[in-house]
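The next block holds one structure in the form of structure tokens; read it before the comments.
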Amino acid sequence: MMKKTRFIPLVLALLAGILLVMGINSKSVPTVSPLADRPVPEFTLPSLQQELDSITQASLKGDVQLLNVWASWCSICKSEHAYLQQLAAEQSLSIIGLNYRDERKAALNELAQTGNPYKKVIYDPKGSLALDLGVYGTPETYLIDKSGIIRHRYVGALTPTVWEQQFAPLVAQLKE
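Under the UniProt record's numbering, read the sequence shown as residues 1 to 176, first letter to last.
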């Protein structure tokens with residue numbers, strides 16, 4: 001009986017390790033948003049940098065834009081950050097940040113240390129806009145057309161491959 005109980009923690013640790021490796025190696029796949037082909041939900045939230053300034057749904061109209069959901073505590077967000085900066089520099093496309101369930105000071109420190117790829121950053125400390133968007137977690141990126149309609153959603157880190165395969169063709173089409 002004692003020998004069997006010794007193996008239980010070992011088996012549990014092995015299963016946990018397998019699940020961890022599978023989770024780390026799993027690839028993010030395009031996720032259809034329940035809001036696909038619908039307007040970004042109505043919202044009024046403060047700017048991260050200027051807490052007295054409000055940002056609204058109207059801010060997401062007029063140009064083709066990316067809405068990137070991120071947080072300072074999100075390690076995957078940190079891994080995509082350099083690519084977002086590259087996109088902001090190379091593409092004629094605005095990237096709007098949606099800072100999700102974060103502390104203002106931590107988010108501002110993160111941007112100060114790593115650079116800011118965002119045209120503006122919406123501060124969503126309670127996750128209200130994220131909830132309305134159907135956000136599963138961070139990071140998530142939405143492509144929004146000139147009319148403020150969500151045209152694509154991607155769950156996971158935005159990479160050059162994801163950009164080229166999923167976003168670039170749609171951006172070109174929407175800018176025509």
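Note that the Cβ used here is the ideal one computed from N, Cα and C, for glycine as well.
Span of the beta strand (DSSP E), counted from its first residue to its last, around residue i
i, result
"Val69", "65-70"
"Ser94", "94-100"
"Glu90", "No beta strand (DSSP E) holds Glu90; the alpha helix (DSSP H) holding it covers 75-90."
Residue burial classification, residue i (beta-carbon count within 10 angstroms, cutoff 16)
i, result
"Gly115", "exposed"
"Thr141", "buried"
"Lys175", "exposed"
"Thr138", "buried"
"Tyr118", "buried"
"Gly62", "exposed"
"Ala36", "exposed"
"Asp102", "buried"
Start-to-end residues for the alpha helix (DSSP H) that takes in residue i
i, result
"Asp124", "Segment 120-124 is the beta strand (DSSP E) holding Asp124; no alpha helix (DSSP H) there."
"Val171", "168-175"
"Thr114", "104-114"
Any C-beta of chain D under 8 Å from that of residue i
i, result
"Leu52", "Protein chain content of the structure displayed is limited to a single chain, and chain D is not contained in it."
Cβ-heavy atom distance, residue i to the ligand FMN, below 7 Å
i, result
"Lys105", "Here there are no bound small molecules, and the ligand FMN is not part of this structure."
### Message
Using a Cβ distance threshold of 8 Å, determine whether the region 74-89 contacts the region 145-159, with at least three qualifying pairs required.
### Response
yes
### Message
Any contact between the region 42-59 and the region 93-111? By contact I mean 3 or more CB pairs, one from each, below 8 Å.
### Response
yes
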